[in-house]
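Worksheet for the structure shown next.
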DNA sequence: CTGTTAGCGCCTTCAC
DNA sequence: GTGAAGGCGCTAACAG
């Protein structure tokens, strides 16, 4: 059942049917004809072919979304936000998972381009991906979301992770801690370098000691958090009285390590996480965490993509969300004299 | 840069280029020509047009994925599993969110059909959606995943929620509880009716009292869990000594309500959740929960879709995963004499 | 307001 | 092993 079939059934031209069924063009057609066409289309069970339309129109109403790992619980709200924003224009997200592999990202971005997506939102970029993404942006709009690419002119929707790191540090310093440590995420991902820099600089500004090696996680997982916490506490030097984990998963790993050593949190050691994940307020102890507005970032990225599609070539400003810290029971003043 | 451009550049026919660049057809072409074509394509930056190919080939290498709500943390692993399975055939998921609205689902399924997706995986069906989905299945393969449609002949990939409900009941009964209650999810979603039936029947078989109204949640959220727990405990009759919440979010709501009433879990009341969500083992108290293998279900659904695409018309069996219960500290024997 | 024409870029015959 | 031709279904441009 094609446009032509409907047209022949009615004794009109396919173009007329095409126009009558397009809400944006129906006004060009006699109202009575529009009704007849709609009725016939309904009656015959006609369903337009979006693929053929996309080929002709040179637009697919589809936005490629590149993510590192869908299993990471913090990415779901981002996709949710993107889908919400796109739904306003009846556009749909086409998901590609890189599994945090730059080769796969390059392949995926190219594949999305060959699928003629109207824009690409990259929520899982690593520094090394900059060239590939900037090249892609000469073909279709590319929005960098969640994970920034320092120095890149690509439009972006980010969260100020540097400020978030500083927030964590200042919170601990205000509680009276003077020996802090970090459990760092991978240093080729913008979020984690920014969290690190914010934390480190705030410590330096306050003249507070930063107890930590140069080590960092290969992935920001619970296991890596546990490993780094173990390494930190195995050090012969004085233990820190407070720890900043670069995300909640790593914080949970650290918590497990603390527990296995008989260290009580926050009595013996305070802990701050990042993301303010859904149930993190109900762990034992409820975790102090820097909030990450994933759904808002996703929605803003989706809207930005829509704007870039609408006014191709025009410059559209990116946006940066500001962090807030949720203080809970995992942070407390240090024990006197420790 | 089209196929034709590459062909003209080389002085060959577009068909030859098309064949040379298709791994499955390259063997029909002189090896030397294949090399020349590949080199030229690379050199000229040719990128095939997947849209045009899809129109001609009548296949899009795309699978529509219909979900209720991406913000529900339990759906992320399912999509992850689907994406993993599809990636094996270089297919991509196109996501549509119904927001648990049947009209939106009907619209979305139709839209996906007009986009000529090669299959649709529905992970968010409600009973009322059966007709729409069966109609869609005459056009393209439809796989029902996660939420079943009792009585429907559509191929499905599910988890045995009935057995899961029974598992929860038997665990509590073995601990010695004799007055149980349920916090039920929406009764037009297959998972929750099945959990209810399994729980209820296991109680009946054991001759154990089921303290509970006919009430159930409108959505399976934390707030609804809290509301139902409040209603349950407001009843004048004897309180139950153990509660089965139909998912972890509802369990967390119940936990909050218990706490606000000064009821300690598991001392005063035991609690079982469902899904075994990522951080649920670290809440206070660590929650006993029936595990839901979301990623496995998603991967099986993706594989099933691929099979249905490959052998259209052939019957392919669905599959059902069996539940397991993770026992943690939120369940304990009842206080003697209570 | 409606019809005619001409492709969008590709792939699959069919012919040689 | 390669070329020529046709058409997938739609819509934009141009006439009338």
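Residue numbers (our numbering), protein chains in the order written: chain A, 1 to 338; chain B, 1001 to 1338.
Backbone N, C-alpha and C fix where the C-beta goes; we use that ideal spot for every residue, glycine too.
Your pair residue 1047 of chain B and residue 114 of chain A checks out as a contact, with CB atoms roughly 5 Å apart and the cut at 8 Å. Secondary structure note for residue 235 of chain A: it is in no alpha helix (DSSP H), with a DSSP letter that is neither H nor E.
Chain-ordered listing is empty here: chain A has no CB closer than 8 Å to the CB of residue 1007 of chain B, the nearest sitting near 18 Å. With a beta-carbon spacing of about 5 Å, residue 1257 of chain B and residue 1226 of chain B fall inside the 8 Å limit used to define contacts. Three or more beta-carbon pairs drawn from the region 1194-1203 of chain B and the region 1157-1177 of chain B are found closer than 8 Å, and the two stretches are therefore classed as touching. Taking CB atoms only, residue 182 of chain A has no neighbour in chain B less than 7 Å away. Remark: C-beta atoms of residue 244 of chain A and residue 182 of chain A approach each other more closely than 7 Å.
By the criterion of a C-beta distance shorter than 6 Å, residue 1249 of chain B is surrounded in its chain by 1221, 1222, once the five residues flanking it on both sides are discounted.
Judged by DSSP secondary structure, residue 53 of chain A falls outside any beta strand (DSSP E) and instead within the alpha helix (DSSP H) spanning 50-57. Ranked by how close their Cα comes to the Cα of residue 1164 of chain B, the residues B/1190, B/1003, B/1178 have B/1190 in first place.
Within the DSSP bridge table, the entry for residue 121 of chain A names A/65, A/143 as partners. Counting other Cβ atoms within 10 Å of its Cβ, residue 260 of chain A stays below 16 and is therefore classed as exposed.
For the set B/1316, B/1003, B/1252, B/1152, the Cα lying nearest the Cα of residue 1040 of chain B is the one of B/1003.
For residue 251 of chain A, the uninterrupted alpha helix (DSSP H) segment begins and ends at 248-260. Proximity of chain A to residue 1054 of chain B at the Cβ level (cut-off 8 Å) is accounted for by 51, in chain order. Residue 138 of chain A counts as exposed, since fewer than 16 other beta carbons sit within 10 angstroms of its beta carbon. Comparing alpha-carbon positions, the option among A/175, A/90, A/80, A/315 lying closest to residue 293 of chain A turns out to be A/80.
Within the region 1070-1136 of chain B, the complete alpha helix (DSSP H) segments of 4 residues or longer fall at 1076-1087, 1102-1114, 1130-1136, listed in chain order.
The beta-carbon of residue 1279 of chain B is placed less than 7 Å from the nearest beta-carbon of chain A. Beyond the five residues adjoining it in sequence on each side, residue 143 of chain A comes within less than 6 Å, by CB distance, of 121, 155, 301, 304, 305 in the same chain, given in chain order. By DSSP's assignment, residue 13 of chain A forms no beta bridge with any residue. For residue 127 of chain A, the closest alpha carbon among the candidates A/105, A/63, A/60, A/316 is that of A/105.
Taken in chain order, the unbroken stretches of beta strand (DSSP E) that lie wholly in the region 275-304 of chain A and span 3 residues or more are 288-291.
With a threshold of 7 Å between beta carbons, residue 1215 of chain B makes no contact with chain A. Taking 7 Å as the cut-off, the Cβ atoms of residue 282 of chain A and residue 1233 of chain B do not count as close. For residue 245 of chain A, DSSP records a beta bridge to A/183. For the alpha helix (DSSP H) assignment, the uninterrupted runs of no fewer than 4 residues enclosed by the region 185-211 of chain A are, from N- to C-terminal side, 190-206. Proximity of the region 1014-1030 of chain B to the region 87-96 of chain A falls short of the contact definition, fewer than three beta-carbon pairs being nearer than 8 Å.
For the pair residue 1109 of chain B and residue 1085 of chain B, the CB atoms are not nearer than the 7 Å cut-off. Nearest C-alpha to residue 1270 of chain B among B/1009, B/1014, B/1088, B/1172: B/1172.
Under DSSP, residue 1322 of chain B shares a beta bridge with no residue. With a threshold of 7 Å between beta carbons, residue 1114 of chain B makes contact with chain A.
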